[in-house]
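Below is one structure, written out as structure tokens; the observations come after it.
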Amino acid sequence: MIQTNGTSTKAPSMNEATPKDPFNNNCYGTIVDSGYKLISLPVLDVTDFNERIIRGYEEGWGERDLPADLSVARSLIPAGTASLRDFSNIAPEIPEYIPENCTGCMDCVTECPDTAILGKVLSESEWSKKMQTIPEGDREMFSKQWSKTKKYYDAGKKKLGDGGMFNIIIDPSKCKGCAECVTVCDDDALKMIPKTDQVMIDSRKSHRYFKNIGPSDNKYINDNLLIDMMLKEETHIYTGGAGSCAGCGEGTALRMMCAATGSKYGDQWGLVAATGCNTVYTSTYPYNPYLVPWTNSLFENAPADAIGVRMRWDQMGWHDKPIWCIGGDGAMFDIGFQALSRLFASGMNVKVFVLDTQVYSNTGGQASTSTYTGQNTKMSVHGKAVGGKQERRKEIAQIAIMHPRTYVAQTTCAHVNHFYKSVLGALEFDGPALVVCYTTCQPEHGVADNMAGEQARLAVDSRAFPILIYDPRKGDKVKERLSLVGNPAVKDDWFVNPKTKEPVTFIDFARSEGRFAKHFDKDGNPSETLERAKQDRLENWHLLQELAGLR
Amino acid sequence: MLNRKRRTALSAPKATHDYTPGEVVAAVEFVKRTRAELRTLRKVRVWKDKLHIIDVNKDYFEVRGLGYPDADVVPVLKQINTAFNPDTIHNPVDLDYKEFDTGRRHPWAEDRVM
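Residue numbers (our numbering), protein chains in the order written: chain A, 7 to 557; chain B, 43 to 156.
Rendered as structure tokens:
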């Protein structure tokens with residue numbers, strides 16, 4: 007209750023417009039508004055949590071004044087509370103959409119780590135009606151943000167008789183200003199602009215109108231075009247408002263994994279997470295971006311925890327509800343490796359998703375067995391005597407392939423179709439599956455906030471991180487099961503960059519990242535350690551080529 | 043996969059510098075201005091006789107008279123963390139220009155002391 011001139015009035019719900027959030031940008035639902043995700047558990051009162059605890063944190067008095075009651079002590083967080091979080095003041099700039107240049111490719115929507123850039127398509131006839139519902143003073147401002155793309159408008163007009171109007175909108179309450187969307191846009195349809203008062207008012211209003219006008223028209227969404235899946239509300243299982251760094255590669259990976267799973271199963275699935283960066287930014291109290299059940303036990307036992315949940319769900323008759331077990335390379339390559347191997351050997355229907363940053367990102371940047379040779383990390387500090395990590399990187403995908411009947415994929419968010427096929431293939435497979443995803447960690451890798459996609463692509467181009475899919479259903483021989491499709495110049499040692507006409511090796515990858523900077527002398531010559539790292543990557547690539555029958 | 047071919051339509055440079063042979067310090071000083079006057083740098087394109095330093099919005103600075111055949115291009119490229127190979131940067135190539143990334147930063151690990 008709030009006091010106004012001595013009278014008591016009920017405060018607006020956190021899921022409604024408030025004086026602090028006058029256009030109600032911080033609310034449940036991504037494409038359209040929705041209510042709180044209520045549950046019938048006596049140990050968690052969702053409405054009380056969101057109205058009292060979230061309010062306390064959003065208004066800045068929560069940590070000081072909230073009592074240490076049962077709600078706090080239980081460490082339970084309702085689904086999707088990150089929707090109510092406001093990040094609009096953390097970055098000085100925000101993307102601006104330029105509709106006349108847009109082709110509707112959906113790269114920006116797909117690659118955003120924060121669910122802060124959203125797409126919608128409506129038939130022109132429906133759109134015309136909807137525009138009449140926009141207040142007259144803002145109608146021109148909002149309607150000018152819609153584009154007539156070949157993909158939706160021209161093709162729609164030809165096939166359906168009614169062109170599809172396409173809109174990209176930025177949620178100013180969730181955008182962290184990383185500029186990943188601008189970087190992945192090939193069509194100059196986005197640029198960064200300063201957050202002036204007017205820009206923010208227009209942005210907040212536009213986001214509000216975007217949500218008010220309802221969902222996309224499904225007749226314009228081709229289910230075979232995987233990159234269009236984020237036009238549907240049910241794919242937005244990972245809401246904006248997570249506490250990850252600006253441009254975090256892991257955020258995009260989790261969003262895309264959740265989208266693919268949501269496209270098939272809605273919110274009827276669950277997550278078991280190993281401790282790591284992912285558990286910190288998805289449960290920074292009291293904010294949770296997941297709209298599905300999520301649990302975190304320890305660093306080392308997420309696969310064992312997932313086995314337990316799987317057994318209980320199967321006992322309850324929930325055989326058809328997938329369980330994803332997620333963790334970083336520290337959890338899965340190292341500390342939880344034994345539990346992971348046990349999971350694969352069990353044959354149980356649990357899917358594992360590894361956020362491979364090649365370093366313990368959360369605990370301060372220690373080396374893991376996924377770390378590349380030469381990488382400068384805590385525990386393998388680059389000095390005069392030893393130049394970074396001296397061991398070779400462990401290849402968990404190859405190890406997993408040798409487990410009995412296990413589906414394995416290695417992919418990146420920059421290879422969108424490969425990523426979605428990897429995740430959907432894992433879900434379709436009746437047994438254990440592993441999807442290892444290369445994820446950029448900006449502060450540990452030493453790259454700019456907008457570079458997650460670019461560096462992931464370069465990791466593949468340079469053979470630092472080959473992509474692959476191993477599907478045991480494809481045949482009796484390893485070479486029939488293992489596909490390296492998606493890697494450039496798949497039969498060659500190195501890919502040749504058409505923009506320089508030079509081979510792209512691990513050393514070229516290393517030049518672009520701060521974590522290897524100390525391996526280059528003042529003239530730019532690589533160290534002996536880095537030459538060994540290059541040879542290691544080539545040998546790994548040769549092994550994969552041999553297994554795939556290409557060598 | 044995110045597309046490799048960019049339909050980059052650059053307009054006019056936000057600032058230009060005419061390189062004078064032997065005056066690399068002036069070119070480096072000009073390039074330092076990109077930090078304040080451009081946004082996050084994305085790409086560097088180097089022709090035989092000029093180079094463009096391009097930011098995330100595709101705004102750019104132009105250095106005229108300095109290209110990949112010139113020895114003085116190296117300190118300029120280094121100044122903006124360009125990911126180029128010094129052994130091959132001066133090699134002739136059958137392309138209009140060579141293009142390089144420039145997104146490297148200092149990692150957190152760099153200053154750590156055990």
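Note that beta-carbon positions come from the ideal geometry of N, C-alpha and C, so glycine has one too.
{"Item": "Can a CB atom of chain D be found closer than 8 Å to the CB of D91 of chain B?", "Value": "Of the protein chains in this structure, namely A and B, none is chain D."}
{"Item": "For the segment 477-484 of chain A against the segment 401-416 of chain A, do three or more pairs of beta-carbon atoms, one drawn from each stretch, fall closer than 8 Å, so that the two count as touching?", "Value": "yes"}
{"Item": "According to a CB-to-CB cut-off of less than 8 Å, which residues of the segment 430-457 of chain A neighbour chain B?", "Value": "Q448, P449, E450, H451, G452, V453, A454, D455, N456 and M457"}
{"Item": "Locate the alpha helix (DSSP H) running through N32 of chain A, then write down its first and last residues.", "Value": "No alpha helix (DSSP H) holds N32 of chain A; DSSP gives it neither H nor E."}
{"Item": "Taking only runs that begin and end inside the segment 239-295 of chain A, name each unbroken alpha helix (DSSP H) of 4 or more residues, in chain order.", "Value": "255-271 and 283-287"}
{"Item": "For S46 of chain A, count neighbouring Cβ atoms within 10 angstroms of its own Cβ and tell me buried if that reaches 16, exposed if not.", "Value": "exposed"}
{"Item": "Can you tell me the Cα-Cα spacing of K156 of chain A and S222 of chain A, whole angstroms?", "Value": "17 Å"}
{"Item": "Out of A:G41, A:R543, A:S129 and A:M262, state which residue places its alpha-carbon closest to the alpha-carbon of S89 of chain A.", "Value": "A:G41"}
{"Item": "I'd like the ranges of any alpha helix (DSSP H) spanning at least 4 consecutive residues and lying wholly in the segment 148-235 of chain A.", "Value": "161-166, 186-190 and 203-218"}
{"Item": "Would you mind sorting Q364 of chain A into buried or exposed? The rule is 16 or more other CB atoms within 10 Å of its CB.", "Value": "buried"}
{"Item": "So does the segment 122-136 of chain B actually touch the segment 503-523 of chain A, counting three or more Cβ pairs closer than 8 Å?", "Value": "yes"}
{"Item": "Restricting to runs no shorter than 4 residues, where is the alpha helix (DSSP H) found entirely within the segment 73-97 of chain A?", "Value": "76-79"}
{"Item": "Would you list the one or two residues that DSSP bridges to Y110 of chain B?", "Value": "None, per the DSSP bridge assignment."}
{"Item": "Assuming D193 of chain A and L124 of chain A are in contact, meaning their beta carbons sit under 8 Å apart, how far apart are those beta carbons, in whole angstroms?", "Value": "Contact flag wrong, Cβ pair sits at about 18 Å."}
{"Item": "Which one of B:L119, B:L108 and B:F103 has the shortest CA to CA distance from D143 of chain B?", "Value": "B:L119"}
{"Item": "Determine whether the Cβ of R48 of chain B lies closer than 8 Å to any Cβ atom of chain A.", "Value": "Confidence is the limiting factor: at R48 of chain B the pLDDT is only 48, short of 50, which leaves the residue's position unreliable, though a coordinate-based value still follows. Closer than 8 Å: yes."}
{"Item": "Measure the Cβ-Cβ separation of R521 of chain A and Q372 of chain A and say whether it is below 8 Å.", "Value": "no"}
{"Item": "How many Å lie between Y63 of chain A and K497 of chain A at the Cα?", "Value": "55 Å"}
{"Item": "Which bits of chain A does T76 of chain B rub up against, with CB to CB less than 9 Å?", "Value": "Simply none; closest approach about 13 Å."}
{"Item": "Count the other CB atoms within 10 Å of the CB of N173 of chain A; is the residue buried (16 or more) or exposed (fewer)?", "Value": "buried"}
{"Item": "Could you say if the segment 124-135 of chain A and the segment 232-247 of chain A meet the contact criterion of at least three C-beta pairs nearer than 8 Å?", "Value": "yes"}
{"Item": "Classify Q448 of chain A: buried if its beta carbon has 16 or more other beta carbons within 10 angstroms, exposed otherwise.", "Value": "buried"}
{"Item": "At a Cβ threshold of 8 Å, is V135 of chain B touching chain A?", "Value": "yes"}
{"Item": "Would you list the one or two residues that DSSP bridges to R146 of chain B?", "Value": "A:V453"}
{"Item": "Going by DSSP in three states, Q541 of chain A sits in which element: helix, strand or coil?", "Value": "helix"}
{"Item": "Between which residues of its own chain and G459 of chain A is the CB-CB distance below 6 Å, once the five residues before and five after are set aside?", "Value": "E117, V190 and A420"}
{"Item": "Would you identify the three-state DSSP class for D362 of chain A, choosing helix, strand or coil?", "Value": "strand"}
{"Item": "Can you tell which of A:C33, A:N107, A:W67 and A:A252 has the C-alpha that lies nearest to the C-alpha of I96 of chain A?", "Value": "A:A252"}
{"Item": "Quick one: which residues of the segment 186-206 of chain A get their C-beta closer than 7 Å to a C-beta of chain B? List them in chain order.", "Value": "V188, T189, V190, D192, D193, D194, K197 and M198"}
{"Item": "Using the Cα positions of K140 of chain B and V115 of chain B, report the straight-line distance between them to the nearest angstrom.", "Value": "13 Å"}
{"Item": "On the DSSP bridge list, what partners appear for I6 of chain A?", "Value": "Nothing in the structure corresponds to residue 6 of chain A, since chain A is present only between 7 and 557."}
{"Item": "Using C-beta distances below 6 Å, list every residue in its chain close to A523 of chain A, excluding the 5 sequence neighbours before and after it, in chain order.", "Value": "none"}
{"Item": "How long is the line joining the alpha carbons of K164 of chain A and L128 of chain A, rounded to whole angstroms?", "Value": "15 Å"}
{"Item": "Taking the straight line between their C-alpha atoms, what separation do you get for E152 of chain B and V392 of chain A?", "Value": "14 Å"}
{"Item": "Going by DSSP in three states, F435 of chain A sits in which element: helix, strand or coil?", "Value": "coil"}
{"Item": "How many angstroms separate the CA atom of D558 of chain A from the CA atom of K154 of chain A?", "Value": "In this structure chain A extends from 7 to 557, so residue 558 of chain A is not present and cannot be described."}
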